[in-house]
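Below: one structure, written as structure tokens.
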Amino acid sequence: MNSLTAPLREHHKHCDELFVSAEAAVVDRDWTTAQSLLIDYMAAMEAHFRTEEETLFPAFEAATGMTMGPTRMMRHEHAQMRELFGQMSMALAERDAENFASAAETLLVFMQQHNMKEENILYPMCDRGLDAQSSALGPILRERLDAACPTTC
Amino acid sequence: MHPELSFEQAPPIDVPFRFFLTAPLFGIAAGVLLALAGGDMLASRWTPAALAGTHLLVVGFMLQAMCGALLQFVPVAAGGNIWRPRLVATIVHPLLIVATILLATAFLSQRPMLFIGAAHGFALALGLLGIVVGVALWHTPARGPTIVALRIALVALVVTLALGIALATGIARNAEWPLLALTDLHAAWGLGGWALVLLAGVSYFVVPMFQLTPAYPAWLARGLPLALLGLLVAWSVQFAIAENSGTQGFFVGGLGVSSLFAATTLHLQHRRRRKVGDTTLLFFRTAMLALLVIFVSVLAFLALPDLRLDPRAAVWLGMLALVGVFVSAINGMLYKIVPFLNWLHLQKLCGLQALPPTMHQMIPERSMRRQFQLHLAALILLLAAVWLPVLARPAGLLFAVSCAWLGWNLLGAVNVYLRFRNRIRAGVADHRS
């Protein structure tokens, strides 16, 4: 896949991997590993959000004139996920596996439905709407995502 | 793609919830009916109590929950705009309840007017639902196998309804129609067309989402609903030509296709990236195993004519399909949907100013796990009761208790929702739930 948004799709999967590893570490009560995986996960997610919010969405909004549509909703959902990151971090700091599992479960469902909306609707709209700019924009997206996790992406 | 698509089409929370909270009540009713009627009820699929119990499950439990899920799922996951969802729910929900009660009572009392009343109720409720959801599904800009599955499922629901109305009229008028063969067709469209295709369409979406499994293979996702539709159409044509002779092939073929879906789902779940298992996964696996056991049982019945001719053979298959496959899958799904929707709506309500309770704080994992164990015990006892009538009363009772527990867990989640909502409204929500 060489579409503009292909790196973002791949990065969703990378974030999923970090999420499941952190979740599994908490189940095993391996708090040190869980802590470091959660930090990696949140850093990767933050890089993903910022790449979208600062690069992809503004380009899409400029190209289509749609500022109140899907991008606004996606920004709002990013904020909701950041809240859940906070709850997971707090539960981890308190070594509270039950609260962690509950917040993680909620985040997983929310994150997956968010990703599906992006991958099935918004990204195809971006691929079409930003076709003319994809050669300039593509490397920037890739670079921003890679900068957050140079060894694993 | 639709330029106006903004993802903000979720219906008010009370729209799906009224259906979800009603479903367990009919499960309790079906269990109590078996506990009262005893072993005779399961002697054949044609006893009045068996027909009443079947419909308490298929329209009371299953259709209720599926209508609620459809009104939520079509706008959110399929991008379809449902016309005035709250108004539709306000009409459809009570009509379904009344029609279900009329139908169950009709079977038990054999009074013609009750059959006619039930038929009118279902026609109005499902006619309206069919039109509204149909328009939404035909106009959605979204594409993909889930949309195709939902469309086929809806067509199958309408065919099931039409056949059901014909049957109710036929019974009420004591008509000389081939009612038994027509009933097989009605059940095939209802279970193999509507319920299974809907379950498949939703599974394409939620199985990878809940457990991070690989996606369903495209050929299966696209082919399954079309294959089932093809078999059902062929069966119906054969029925029109020669009533019930020669339809066995379609039945076995449909079950073969369904088994492929079940086996694939189990395989995908086995390959899940998420290592943490949960109660929904257990329910789903139970459902898929039950679907496989149906196919194996039918193959066994084909090989052993003595067994096939026993009227209890059909009851065994029905029990596996209704309680084993569909009640299990719906029960498990409700444990994800209800807490998640609660959280989502509370989030919207507090606008990032407060943290709403997360999913397990709505329904504790322990409560869900124990109810699953009870459901599994009830299913095993119900299946045993098909062949050992002495077990029928305890099995019915256990199933009723399991459904009551499901209802209790869902009510607990609603209670958490209401308490937090009231706190937000009173303006006292702090930053820790």
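Protein sequences, first through last, are from chains A and B. 36 is the number that my numbering gives to position 31 of the first sequence; each next residue is one higher, with no gaps. 900 is the number that my numbering gives to position 171 of the second sequence; each next residue is one higher, with no gaps. The beta carbon of each residue, even a glycine, is placed where N, CA and C say it ideally should be. For clarity, every value in this text was computed on a predicted model and none was experimentally measured.
- When Cβ-Cβ separations below 7 Å define contact, Glu28 of chain A makes contact with chain B.
- With respect to Leu857 of chain B, Leu1051 of chain B sits apart: the two C-beta atoms are not nearer than 7 Å.
- For the stretch 1058–1092 of chain B, residues whose beta-carbon sits nearer than 7 Å to a beta-carbon of chain A comprise Lys1065, Phe1069, Trp1072, Gln1076, Leu1081, Leu1084, Thr1087, Met1088, His1089, Gln1090.
- The continuous alpha helix (DSSP H) containing Gln793 of chain B extends over residues 793–806.
- About 7 Å separates the beta carbons of Met50 of chain A and Met86 of chain A, which is inside the 8 Å limit, making them a contact pair.
- Between Leu866 of chain B and Arg880 of chain B, the C-beta spacing is below 7 Å.
- In its chain, beyond the 5 residues on either side, Ala48, Ala49, Ala52 have a beta carbon closer than 7 Å to the beta carbon of Ala153 of chain A.
- Arg813 of chain B sits in coil when the DSSP states are folded into three classes, being neither helix nor strand.
- In this structure, Leu1120 of chain B sits away from Leu1108 of chain B, with a CB-CB distance that is not shorter than 7 Å.
- When secondary structure is reduced to three states using DSSP, Asn903 of chain B falls in the coil class, being assigned neither helix nor strand.
- Asp1007 of chain B sits in coil when the DSSP states are folded into three classes, being neither helix nor strand.
- DSSP places Asn104 of chain A inside the alpha helix (DSSP H), whose first and last residues are 102–122.
- The straight-line gap separating the alpha-carbon atoms of Phe1128 of chain B and Arg840 of chain B is approximately 28 Å.
- At a Cβ-Cβ threshold of 7 Å, Ser107 of chain A and His1089 of chain B count as neighbours.
- When only Cα atoms are considered, Ala901 of chain B and Met842 of chain B end up about 7 Å apart.
- Look at Met938 of chain B: its C-beta is under 7 Å from a C-beta on chain A.
- Shown here, Ala739 of chain B sits in coil according to DSSP, grouped into three states, outside any helix or strand.
- Of the residues B:Ala848, B:Pro823, B:Leu824, the one whose Cα lies closest to the Cα of Ala835 of chain B is B:Ala848.
- For the pair Ile820 of chain B and Leu1070 of chain B, the CB atoms are not nearer than the 7 Å cut-off.
- Close to chain A, meaning a Cβ-Cβ distance shorter than 8 Å, are the following residues of the stretch 939–964 of chain B: Phe939, Leu941.
- Counting along the chain, Gly74 of chain A sits inside no alpha helix (DSSP H), nor does DSSP assign it H or E at all.
- Annotation: Arg1000 of chain B has no Cβ neighbours in chain A at a cutoff of 8 Å; minimum Cβ distance is about 13 Å.
- Residues of the stretch 1000–1014 of chain B that bring their beta carbon within less than 8 Å of a beta carbon in chain A comprise Arg1002, Arg1003, Lys1004, Val1005, Asp1007, in sequence order.
- Cβ-Cβ distances below 6 Å link Leu958 of chain B to Ile881 in the same chain, with the five nearest sequence neighbours on each side left out; the list follows chain order.
- Linking Ala1083 of chain B to Phe105 of chain A through their CA atoms gives a straight-line distance of about 18 Å.
- Taking 9 Å as the upper bound on Cβ-Cβ separation, chain A lies near residues Pro870, Ala871, Arg872, Gly873 of the stretch 858–886 of chain B.
- The stretch 809–828 of chain B and the stretch 767–774 of chain B do not touch, with fewer than three beta-carbon pairs separated by less than 8 Å.
- Taking C-beta separations shorter than 7 Å and ignoring five residues to either side along the sequence, the partners of Gly782 of chain B in its chain run Ala759, Leu762, Leu763, Met770, following chain order.
- Here the alpha carbon of Val936 of chain B sits roughly 32 Å from the alpha carbon of Glu59 of chain A.
- Residues of the same chain with a CB within less than 8 Å of the CB of Trp812 of chain B, apart from the 5 flanking positions on each side, are Val861, Val864, Ala865 in chain order.
- The C-beta of Gln40 of chain A comes no closer than 7 Å to any C-beta of chain B.
- Pairing Ala917 of chain B with Trp1045 of chain B, the inter-Cα distance amounts to about 16 Å.
- About 4 Å separates the Cβ atoms of Ala871 of chain B and Gly808 of chain B, confirming a contact at the 8 Å cut-off.
- Looking from the CA of Ser1026 of chain B, the closest CA among B:Gly1047, B:Ala1155, B:Trp1134, B:Leu961 belongs to B:Gly1047.
- For Gly789 of chain B, the three-state secondary structure derived from DSSP is helix.
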